[in-house]
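Shown next, in structure tokens, is the structure this report addresses.
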Amino acid sequence: MRKHIYIAYTGGTIGMKPSSQGYVPASGFLADTLAKMPEFHRPEMPLYTLHEYDNLIDSSDMKPADWQLIADDIAAHYDKYDGFIILHGTDTMSYTASALSFMLENLSKPVIVTGSQIPLAELRSDGQVNLLNALYVAANYPIAEVGLFFNNRLLRGNRSRKVDADGFSAFDSPNFAPLLEAGINIRLNAGKLAPDAIMAKTQPMQVSNVTAQPIGLVSLYPGISSQVLENTLQQPVNALILLSYGVGNAPQHPDLLAQLKRAAEKQIPVLNCTQCLRGRVNMSGYATGHGLAEAGVLPGSDMTPEAALAKLHYLLSKQLPFEQLKHLLTQNLRGEMSD
Ligand SMILES: NC(=O)C[C@H](N)C(=O)O
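The opening position of the sequence shown corresponds to residue 1 in UniProt numbering, with each subsequent residue numbered one higher.
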């Protein structure tokens with residue numbers, strides 16, 4: 001039986017058209033372009049239903065309310081389809097993939113986020129390869145998690161990062177092997193196929209709702225004044241992501257550490273993620289990291305800043321007691337961090 005995949009088209013370069021101000025999304029344009037591409041209609045390919053969103057956006061305009069819209073859309077069509085593709089702009093694709101990975105509870109079908117660097121209708125577009133393969137993979141290699149497909153690799157969504165502004169290999173997953181690689185042969189690496197039994201899992205898929213959260217994000221730099229932290233923490237913030245040096249180090253500046261201690265006292269969780277692309281936070285490695293741990297800063301392990309932001313949205317939206325919130329932040333919930 002031919003599988004049937006639901007494609008939610010949210011916007012992004014893949015369906016854009018040139019205009020006098022640069023590329024813009026245009027209603028109906030993607031559906032027309034796909035209809036003219038015979039590869040998508042070959043019998044080896046799954047059937048697809050394309051749902052174009054009313055407000056097609058450049059992904060720089062994505063907000064938590066849009067994550068909610070996508071998650072609800074998947075839930076509304078969950079039982080009818082074998083898998084889901086989210087067509088999305090590349091700029092914030094990793095944020096959305098991370099957010100969906102937390103919001104979609106008991107996921108038993110593949111959800112793949114993809115897009116392109118050049119619009120599908122343009123010469124040399126990477127959109128065709130990305131979408132064609134994402135569809136093929138969703139139908140034939142159903143990995144029951146939120147993946148991000150780009151340039152022949154399926155990455156775990158909440159491990160992915162946009163690493164190249166204009167190359168075709170725009171995404172990487174620096175701390176986790178690709179779930180799958182599509183070369184001459186399709187090779188399953190770190191992904192696990194969902195057997196039919198799992199896809200018909202009795203536990204129903206459920207969406208955890210998220211609301212927009214004020215979250216501070218401070219990247220340390222040599223000479224940073226404690227006032228930068230103080231100001232950030234004075235605004236209405238529900239959490240702070242601290243991008244620290246190396247394995248999680250910060251200057252041993254008493255004023256700076258005092259600010260972090262104050263945040264912990266005010267029950268504002270401070271999550272320590274590294275500025276490095278690879279490797280993980282270990283605050284016991286150096287005295288400079290130890291100071292942070294003493295100030296109540298939480299280890300973010302090897303979570304990407306995108307995953308940290310999404311996880312904070314997910315957990316803060318649940319309004320959990322502070323101790324439980326802190327506990328869950330440091331636990332591996334969806335494969336977003338190494339144990
Ligand atoms: N390649 C892209 O899709 C970039 C675009 N600005 C977006 O994120 O929507």
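The beta carbon of each residue, even a glycine, is placed where N, CA and C say it ideally should be.
Straight-line Cα distance separating residue j from residue i
i: L188; j: Q117; result: 25 Å
i: S226; j: C273; result: 18 Å
i: V24; j: T202; result: 42 Å
i: N175; j: A31; result: 36 Å
i: T13; j: T330; result: 35 Å
i: G183; j: G157; result: 20 Å
i: E306; j: R161; result: 8 Å
i: N185; j: V137; result: 12 Å
i: T304; j: K266; result: 25 Å
i: L271; j: N249; result: 12 Å
i: A264; j: L316; result: 15 Å
Cβ-based neighbour list, residue i, same chain, cut-off 7 Å, excluding 5 preceding and 5 following
i: L155; result: G147, L148, F171, S173, P178, L179
i: C276; result: G246
i: A71; result: L100, M103, L104, V207
i: D164; result: A170
Pick from the options that is closest to residue i, judged by C-alpha positions
i: P195; options: G183, K109, D72; result: K109
i: R2; options: P119, H41, D73; result: H41
i: L50; options: S244, L131, V247; result: L131
i: N231; options: L260, D126, S101; result: L260
i: V111; options: T90, Y141, D126; result: Y141
i: V113; options: E181, I7, I184; result: I7
i: R124; options: K326, F168, L242, A250; result: F168
i: I268; options: H253, L242, N106; result: L242
i: M283; options: L309, Q252, A308; result: Q252
i: Y48; options: L34, D61, S60, L56; result: L34
Beta-carbon contacts of residue i that lie in its chain and below 6 Å, excluding the five residues immediately before and after
i: residue 376; result: With the chain running from 1 to 339 in the structure shown, residue 376 is simply not present.
i: residue 353; result: The chain is shown from 1 up to 339; residue 353 falls before or after that span and cannot be answered.
i: L257; result: G291, A295
Unbroken beta strand (DSSP E) run spanning residue i, endpoints
i: V146; result: 146 to 150
i: S219; result: 215 to 219
i: N55; result: 47 to 57
i: E122; result: Here E122 belongs to no beta strand (DSSP E), and DSSP marks it neither H nor E.
i: V111; result: 111 to 114
i: S226; result: No beta strand (DSSP E) contains S226, which is instead part of the alpha helix (DSSP H) from 226 to 234.
Close Cβ partners of residue i (< 8 Å) along its chain, the five nearest in sequence each way excluded
i: L320; result: L328
i: R262; result: L233
Boundaries of the alpha helix (DSSP H) in which residue i is found, first to last residue
i: N130; result: 127 to 140
i: S98; result: 93 to 103
Query raised in the report: Pairing CB atoms from the region 204 to 215 with CB atoms from the region 225 to 240, are three or more of them under 8 Å?
Result: Judged by pairs of C-beta atoms under 8 Å, the region 204 to 215 touches the region 225 to 240, as three or more such pairs exist.
Query - Segment contact flag, the region 293 to 302 with the region 80 to 87, C-beta cutoff 8 Å, min 3 pairs - result: no
Query raised in the report: Is there contact here, the region 57 to 67 with the region 92 to 107, by at least three beta-carbon pairs under 8 Å?
Result: yes
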